[in-house]
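Since the structure comes first, as structure tokens, the remarks are kept for the end.
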């Protein structure tokens, strides 16, 4: 039986975070939000390297004594304030060591999918046992999708990535922003597949 995914809602411009077993996905929430799960978290996975997803990365990694992982092509965003958009948010890029993730890698029960488009190194995590998709800023509910007009973004890559994800048997959608979808989630993915071409 798959472990429940715990939603830690983002506030303001900060992204959602999720806890799935020993994994904390994205690192914009507060220490207080993570406190009850501190002992179980040993890995922080970043869906991509934008500041709104990692504003508290250093504090959370040290608080949980957790290793950090990020898609291989977004590793430079951990060191560059323009690429990470930290300068836009008035913050400082968390220059923190991270292990790289490649397409097809496994993180606990999840498979890593390289999904460029929002950033070149964006990733989604998919759990085959229950169809849970943690989509970062690649796919949002109701047919929405991530911006591709930011540094390293690319519309053609985003279209290709969403088409690929749409082939998966998605049962629940856990996006970087907005509320998770636990009913009829595949329909939301297919709407994104359609709308990224129609409105992109």
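Numbering (the numbering used here), first residue to last: 292 to 491. Beta carbons: idealized from backbone N, C-alpha and C, even for Gly. Source: prediction; values computed, not measured.
Identity of the residue in the options nearest residue i by Cα
{"i": "residue 335", "options": "326, 310, 459 and 426", "result": "310"}
{"i": "residue 415", "options": "447, 456 and 442", "result": "456"}
{"i": "residue 298", "options": "388, 483 and 464", "result": "464"}
{"i": "residue 488", "options": "393, 338 and 452", "result": "452"}
{"i": "residue 437", "options": "458, 306 and 327", "result": "306"}
{"i": "residue 385", "options": "346, 356, 333 and 331", "result": "346"}
{"i": "residue 376", "options": "448, 462 and 443", "result": "443"}
{"i": "residue 322", "options": "308, 387 and 471", "result": "308"}
{"i": "residue 313", "options": "353, 320, 357 and 348", "result": "357"}
{"i": "residue 360", "options": "378, 333 and 373", "result": "333"}
{"i": "residue 421", "options": "400, 429, 428 and 405", "result": "400"}
Buried or exposed by the 16-neighbour rule on C-beta atoms within 10 Å, applied to residue i
{"i": "residue 301", "result": "buried"}
{"i": "residue 480", "result": "buried"}
{"i": "residue 419", "result": "exposed"}
{"i": "residue 423", "result": "buried"}
{"i": "residue 391", "result": "exposed"}
{"i": "residue 293", "result": "exposed"}
{"i": "residue 485", "result": "exposed"}
{"i": "residue 475", "result": "exposed"}
{"i": "residue 467", "result": "buried"}
{"i": "residue 473", "result": "exposed"}
{"i": "residue 471", "result": "buried"}
{"i": "residue 353", "result": "exposed"}
Residue i and residue j closer than 9 Å at C-beta
{"i": "residue 325", "j": "residue 351", "result": "yes"}
{"i": "residue 398", "j": "residue 362", "result": "no"}
{"i": "residue 412", "j": "residue 340", "result": "yes"}
{"i": "residue 338", "j": "residue 483", "result": "no"}
{"i": "residue 441", "j": "residue 410", "result": "yes"}
{"i": "residue 439", "j": "residue 433", "result": "no"}
Local conformation of residue i per DSSP, three classes
{"i": "residue 311", "result": "strand"}
{"i": "residue 374", "result": "helix"}
{"i": "residue 494", "result": "Lying outside 292 to 491, the shown extent of the chain, residue 494 is not represented and no answer is given."}
{"i": "residue 425", "result": "strand"}
{"i": "residue 431", "result": "coil"}
{"i": "residue 450", "result": "helix"}
{"i": "residue 390", "result": "strand"}
{"i": "residue 490", "result": "coil"}
{"i": "residue 411", "result": "coil"}
{"i": "residue 404", "result": "strand"}
{"i": "residue 480", "result": "helix"}
{"i": "residue 438", "result": "coil"}
Start-end ranges of the beta strand (DSSP E) lying completely within the segment 300 to 374, minimum 3 residues: 308 to 311, 314 to 316, 334 to 337 and 358 to 362
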